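A.B. asks: Using this note's numbering, the letters of the sequence shown map in sequence onto residues 76 to 223. All residues carry an ideal CB built from backbone N, CA and C; glycine is no exception. All values reported here derive from a predicted model rather than from experimental measurement.
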Amino acid sequence: MHEPLDLWRAAWVALALWRVEHGEARWVPVHPQDPRPGAFGGRADLHARPPEAPAFLPIYVPPVPPLGIEAHNLRLWRHDARAFVRGLGYGERQLMEAYLGKGKPSTLVSYNPSAGRLQTHAPLDLLDLFVRLARRAEVDTPPPPGVE
76 MHEPLDLWRA
86 AWVALALWRV
96 EHGEARWVPV
106 HPQDPRPGAF
116 GGRADLHARP
126 PEAPAFLPIY
136 VPPVPPLGIE
146 AHNLRLWRHD
156 ARAFVRGLGY
166 GERQLMEAYL
176 GKGKPSTLVS
186 YNPSAGRLQT
196 HAPLDLLDLF
206 VRLARRAEVD
216 TPPPPGVE
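Pasting the structure below:
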């Protein structure tokens with residue numbers, strides 16, 4: 076079984092992706108400080124699709140003090156998420172699409188205070204899928220005070 080932190084992060088990654096799928100959240104594009112004009116060299120191909128700017132999905136993970144989980148933010152990069160989905164098998168991809176296509180988000184994991192542990196509300200294969208995806212997200216550390 077997975078560690079509580081992995082399960083907790085997976086639940087919030089799944090919710091964030093559901094929100095993107097339903098238009099409630101968006102990938103945050105990252106633009107370079109000094110874009111290089113003509114980085115592709117040669118003449119422009121008017122029929123080519125312009126490259127997508129790198130983008131990330133900010134994900135807030137709330138605290139669960141009894142389990143020692145502190146509040147933190149994750150960054151899931153769009154290219155990592157797409158690479159993950161491309162690497163899925165047919166059944167796994169269908170499982171993910173079924174979850175993301177639901178009209179209402181379903182909770183994968185919740186904290187049960189009377190039991191003092193996380194309680195799962197989803198099939199183990201779906202949990203495993205989102206745990207693996209959540210492990211691709213990086214912890215977003217805020218800059219030190221005074222630095223922009």
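Which residue or residues does DSSP assign as beta-bridge partners of R131?
C.D. replies: This sequence places Phe at residue 131; Arg is not what is there. Note: F131 sits in a beta bridge opposite V103 and W152.
A.B. asks: How is the alpha helix (DSSP H) around P192 delimited, first residue to last?
C.D. replies: For clarity, residue 192 is Arg in the given sequence; the question names Pro instead. Taken as a continuous stretch (DSSP letters only), R192 belongs to no alpha helix (DSSP H), being part of the beta strand (DSSP E) at R192 to T195.
A.B. asks: Between L151, V139, R207 and A146, which lies nearest to P104 when the distance is taken from Cα to Cα?
C.D. replies: L151
A.B. asks: Take E167 and list the residues in its own chain whose beta-carbon comes closer than 8 Å to its own, dropping the five residues that flank it on each side.
C.D. replies: D200 and L204
A.B. asks: Quick one: what does DSSP say E167 is sitting in, helix, strand or coil?
C.D. replies: helix
A.B. asks: Whose C-beta lies closer than 7 Å to the C-beta of L170 among residues of the same chain, with five residues either side of it excluded?
C.D. replies: D200, L201 and L204
A.B. asks: Straight-line CA distance for P79 to L142?
C.D. replies: 8 Å
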